[in-house]
Amino acid sequence: MYSGKQILNVSYPIFLGLLAQNVINVTDTAFLGRVGEVELGASAMGGLYYISVFTIAFGFSTGSQIVIARRNGEGRYDQIGPVMTQGVFFLLALATLAFLFSRLFAEGVMGWLISSDAILKATMDFLDWRVIGFFFSFLSVMFRALYVGITRTKVLTINAVLMAVTNVVLDYLLIFGHAGFPRMGIQGAAIASVIAEAVSILFLVVYTRWTVDIRKYALDKFRSFDLALLGRVLNISVFMMLQYFLSIVSWFMFFIAVEHLGQRELAIANIVRSIYVVMLIPVNALATTTNTFVSNSIGARDTALVIPIIRKISHYSLGLMVGICALFCLIPEQVLAVYTNDLSLIDAAVPSLYVIIVAMLIAAVSCIIFNGVSGTGNTRSALFIESSVLVLYVLFIYITGMRMRLPVAICFGCEIVYYTGMLLASALYLKKANWQNKRI
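First residue of the sequence shown: 0, per numbering that gives the first Met the number 0; consecutive thereafter.
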């Protein structure tokens with residue numbers, strides 16, 4: 000059984016890494032919130048387009064991480080390098096396709112979804128630069144899969160801090176035009192993010208070459224494209240790719256519904272979304288740890304440890320989230336003031352923040368249990384669970400946002416529906432399904 004110290008040693012670097020990575024999101028939102036509501040809304044729409052495509056790569060890397068963790072648990076270290084190599088080949092090809100698609104069709108897609116001409120123009124100003132980042136971010140997640148899979152997560156903290164600092168400095172210089180740089184507004188935010196991702200991947204390549212035992216993991220043997228191996232990895236990853244893509248597209252639909260409610264409602268949603276993502280960081284760190292420990296335990300044939308691991312990490316996650324939510328309930332205006340100095344916008348956003356706080360208390364347990372399901376290697380079942388719950392999520396958005404045009408705080412209730420459904424379905428799966436002998 001993994002001790003609390005072992006859980007902490009793996010999860011806290013992931014937490015710090017995610018925290019540093021989300022400094023990019025917080026910084027972009029906070030800076031653009033001081034440029035204007037159009038830029039703030041456009042960054043939300045453009046950012047969601049980028050994330051919707053990026054999650055396909057992230058899903059592949061998560062599936063690869065499960066395979067790497069299983070090989071690590073089995074002690075078959077020389078099988079890790081080939082997974083990494085094929086992942087890099089595949090994601091480079093995927094990044095090229097994503098970039099070309101975005102250049103050719105993104106404006107048409109966004110024009111169909113966004114009703115405001117001003118927000119559409121600003122969104123395309125953002126995306127024209129932002130999509131270049133696909134080449135760097137797609138490779139970065141493969142390195143993340145490697146380090147999480149072999150439980151060497153401290154490097155993720157260093158990398159994310161480096162990326163965050165780069166982005167913050169460049170945001171300050173390029174958005175507002177300080178120190179002789181041109182004032183580029185929303186385009187400056189996009190360029191800063193791309194450069195930060197390029198710095199990140201350069202660091203990961205150098206770090207891996209000089210600090211990892213590349214012979215142990217067979218990372219020194221550059222292999223040609225291996226379709227059979229890629230097929231085996233995709234057999235796990237494809238369901239994760241679909242799962243993440245459907246999840247973020249559903250979230251995208253939420254923002255489309257809110258955008259039709261008005262420019263101010265979209266600005267509120269973007270601010271609260273940024274806070275929501277920050278609140279999820281410790282939960283996601285513990286969820287990733289759960290995924291890795293479950294896969295390693297099954298690889299070591301210790302399936303009896305799986306449920307106790309999930310239960311133990313769930314307790315940690317819930318306790319931590321209760322403390323965070325209590326703090327945010329005490330100082331909601333001060334939390335929102337990080338993103339904007341518009342007092343009326345802050346007052347309008349407080350009810351939505353309270354709704355997200357309730358959702359996060361459920362998410363603290365739901366995300367852990369669901370990642371336990373993914374960690375068993377049953378990614379097909381995980382996809383089925385998420386897809387089923389997302390039907391309810393989208394239905395809630397459609398009724399509250401598009402049909403009844405209710406306030407944005409009520410629309411955010413979709414997150415409560417989502418996490419409650421995930422919690423019940425995942426718990427039922429682990430209790431009733433035959434997952435103990437899943438081979439990957």
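Glycine residues also receive a C-beta, built at the ideal position from the N, C-alpha and C atoms. If you're wondering where the values come from, they're calculated on a predicted model, not measured in any experiment.
Of the residues W434, L394, S386, L91, the one placed nearest M239, counting alpha carbons only: As a working note, residue 239 is residue 240 in the sequence shown. The shortest CA-to-CA distance from M239 to any of W434, L394, S386, L91 is the one to S386.
Spatial neighbours of I149 in its chain, beta-carbon cut-off 6 Å, leaving aside the 5 residues before and after: Translated into the one-based positions of the sequence shown, residue 149 becomes position 150. For I149, same chain residues with a beta-carbon under 6 Å away, outside a window of 5 residues either side, are N71 in chain order.
Distance, F59 Cα to I308 Cα: One-based indexing of the sequence shown puts residue 308 at position 309. One-based indexing of the sequence shown puts residue 59 at position 60. Straight-line Cα distance between these residues: approximately 25 Å.
Straight-line gap, S101 to V66 (C-alpha atoms, nearest Å): Indexing the sequence shown from 1 puts residue 101 at position 102. Indexing the sequence shown from 1 puts residue 66 at position 67. CA-CA distance, S101 to V66, rounds to 30 Å.
Pair within 8 Å by beta-carbon distance, L352 and L335: Counted from its first residue, the sequence shown places residue 352 at position 353. Counted from its first residue, the sequence shown places residue 335 at position 336. Cβ distance < 8 Å, so L352 and L335 count as in contact.
Boundaries of the alpha helix (DSSP H) in which H259 is found, first to last residue: The residue labelled residue 259 in the question sits at position 260 within the sequence shown. For H259, the enclosing alpha helix (DSSP H) begins and ends at 226-260.
Meets three-Cβ-pair contact criterion under 8 Å: the region 291-305 and the region 381-396: Touching, no.
Endpoints, alpha helix (DSSP H) assigned at L429: Position 430 of the sequence shown, counted from the first residue, corresponds to residue 429. Following the DSSP letters along the chain, one finds L429 inside the alpha helix (DSSP H) bounded by residues 413-431.
V321 classed as buried or exposed, judged by whether at least 16 other C-beta atoms fall within 10 angstroms: Mapped onto the sequence shown, residue 321 falls at position 322. The residue in question, V321, is exposed, as its Cβ has fewer than 16 Cβ neighbours within 10 Å.
Which of helix, strand or coil DSSP assigns to K4: Mapped onto the sequence shown, residue 4 falls at position 5. Reduced to three states, the DSSP call for K4 is helix.
Sequence-distant residues of its chain with Cβ nearer than 6 Å to L241 (five each side left out): If you number the sequence shown from 1, residue 241 lands on position 242. Spatial neighbours of L241 in its own chain (CB-CB distance under 6 Å, excluding positions within 5 residues in sequence) are listed in chain order as L382.
As assigned by DSSP and simplified to three states, the class of N283: Sequence index remark: in the sequence shown, residue 283 carries index 284 (1-based). Here DSSP, grouped into helix, strand and coil, assigns N283 to helix.
Minimum length 4: unbroken alpha helix (DSSP H) runs contained in the region 167-231: Within the region 167-231, the runs of alpha helix (DSSP H) that reach at least 4 residues and sit entirely inside it are, in chain order, 185-210.
Alpha-carbon spacing of F369 relative to L422, whole angstroms: Taking the first residue of the sequence shown as 1, we reach residue 369 at position 370. Taking the first residue of the sequence shown as 1, we reach residue 422 at position 423. Pairing F369 with L422, the inter-Cα distance amounts to about 7 Å.
8 Å CB neighbourhood of R208 in its chain, flanking five on each side removed: Locating residue 208 in the sequence shown gives position 209, counting from the first residue. For R208, there are no CB contacts under 8 Å within the same chain when 5 residues up- and downstream are skipped.
Residue nearest to A117 in terms of C-alpha spacing, selected from A284, V37, A325, G46: The residue you call residue 117 lines up with position 118 of the sequence shown. Of all alpha-carbon atoms in A284, V37, A325, G46, the one lying nearest the alpha-carbon of A117 is that of V37.
Proximal residues to E332 (C-beta, below 6 Å), its chain only, five neighbours per side dropped: Translated into the one-based positions of the sequence shown, residue 332 becomes position 333. So the qualifying residues of the chain are I345.
Beta-carbon proximity of I50 to A256, cut-off 8 Å: As a working note, residue 50 is residue 51 in the sequence shown. As a working note, residue 256 is residue 257 in the sequence shown. Against a cut-off of 8 Å, the Cβ pair of A256 and I50 comes out as no contact.
Residue of G46, S42, I185, M162 minimising C-alpha distance to V198: Within the sequence shown, the letter at position 199 stands for residue 198. When each option's Cα is compared against that of V198, the closest is M162.
C-beta atoms of F98 and F134 nearer than 8 Å: As a first step, residue 98 must be located in the sequence shown, where it is residue number 99. As a first step, residue 134 must be located in the sequence shown, where it is residue number 135. With contacts defined as CB atoms closer than 8 Å, F98 and F134 qualify as a contacting pair.
Status (buried if at least 16 other CB within 10 Å, exposed otherwise) for D27: Here the question's residue 27 lines up with position 28 in the sequence shown. When all chains shown are included, D27 counts as buried.
C-alpha distance - R69 paired with A348, whole-angstrom precision: Sequence index remark: in the sequence shown, residue 69 carries index 70 (1-based). Sequence index remark: in the sequence shown, residue 348 carries index 349 (1-based). One Cα belongs to R69, the other to A348, and the distance between them is close to 44 Å.
Candidates A426, H259, L391, N340: closest to S114 by CA position: For the purposes of this step, residue 114 is taken as residue 115 along the sequence shown, with counting starting at 1. Nearest option by C-alpha distance: H259.
Cβ distance (whole Å) where V193 is taken to contact I131 below 8 Å: One-based indexing of the sequence shown puts residue 193 at position 194. One-based indexing of the sequence shown puts residue 131 at position 132. Rounded, the Cβ-Cβ distance is 5 Å, consistent with contact.
Beta-carbon separation (whole angstroms), V147 vs T287, contact threshold 8 Å: As a working mapping, residue 147 is identified with position 148 in the sequence shown. As a working mapping, residue 287 is identified with position 288 in the sequence shown. Right, their Cβ atoms sit about 6 Å apart.
Supposed contact pair T156 and M44 - C-beta distance, whole angstroms, cut 8 Å: Translated into positions along the sequence shown, residue 44 becomes position 45. Translated into positions along the sequence shown, residue 156 becomes position 157. Actually they do not touch by this definition, with Cβ atoms about 30 Å apart.
Contacting residues, own chain, Cβ-Cβ under 8 Å from M401 (five flanking each side not counted): On the sequence shown, position 402 is the one that residue 401 refers to. Taken in chain order, the residues that qualify are A256, H259.
Three or more C-beta pairs below 8 Å linking the region 282-301 and the region 310-317: Contact holds: three or more Cβ-Cβ distances are below 8 Å.
Whole-Å CB distance - S316 paired with V354, under 8 Å assumed: As a first step, residue 316 must be located in the sequence shown, where it is residue number 317. As a first step, residue 354 must be located in the sequence shown, where it is residue number 355. With a Cβ gap of about 20 Å, S316 and V354 do not count as contacting.
Minimum C-alpha distance to Y48 - residue among F244, G374, G412, R263: Here residue 48 refers to the residue found at position 49 of the sequence shown. Looking at the Cα atoms, F244 is the closest of the given residues.
Simplified DSSP state of S296, which is helix, strand or coil: In the sequence shown, residue 296 corresponds to position 297, counting from 1. Look at S296 here: in three-state DSSP terms it is helix.
Alpha carbon of G376 to alpha carbon of V140, nearest angstrom: On the sequence shown, residue 376 is found 377 positions in, with the first residue counted as 1. On the sequence shown, residue 140 is found 141 positions in, with the first residue counted as 1. V140 has its alpha-carbon roughly 19 Å from the corresponding atom of G376.
Distance, I356 Cα to V293 Cα: Against the sequence shown, residue 293 aligns to sequence position 294. Against the sequence shown, residue 356 aligns to sequence position 357. Approximately 28 Å between the Cα atoms of the pair.
Cβ neighbours of A29 in the same chain (closer than 7 Å, five flanking residues each side left out): As a working note, residue 29 is residue 30 in the sequence shown. Scanning its chain for C-beta atoms nearer than 7 Å, with the 5 sequence neighbours on each side dropped, one finds around A29 the residues V337, Y338, in chain order.
Per-residue DSSP class, three states only, for G405: Taking the sequence shown and counting its residues from 1, one reaches residue 405 at position 406. Checking the displayed sequence, the identity of residue 405 turns out to be Leu instead of Gly. L405 falls in the coil class under three-state DSSP.
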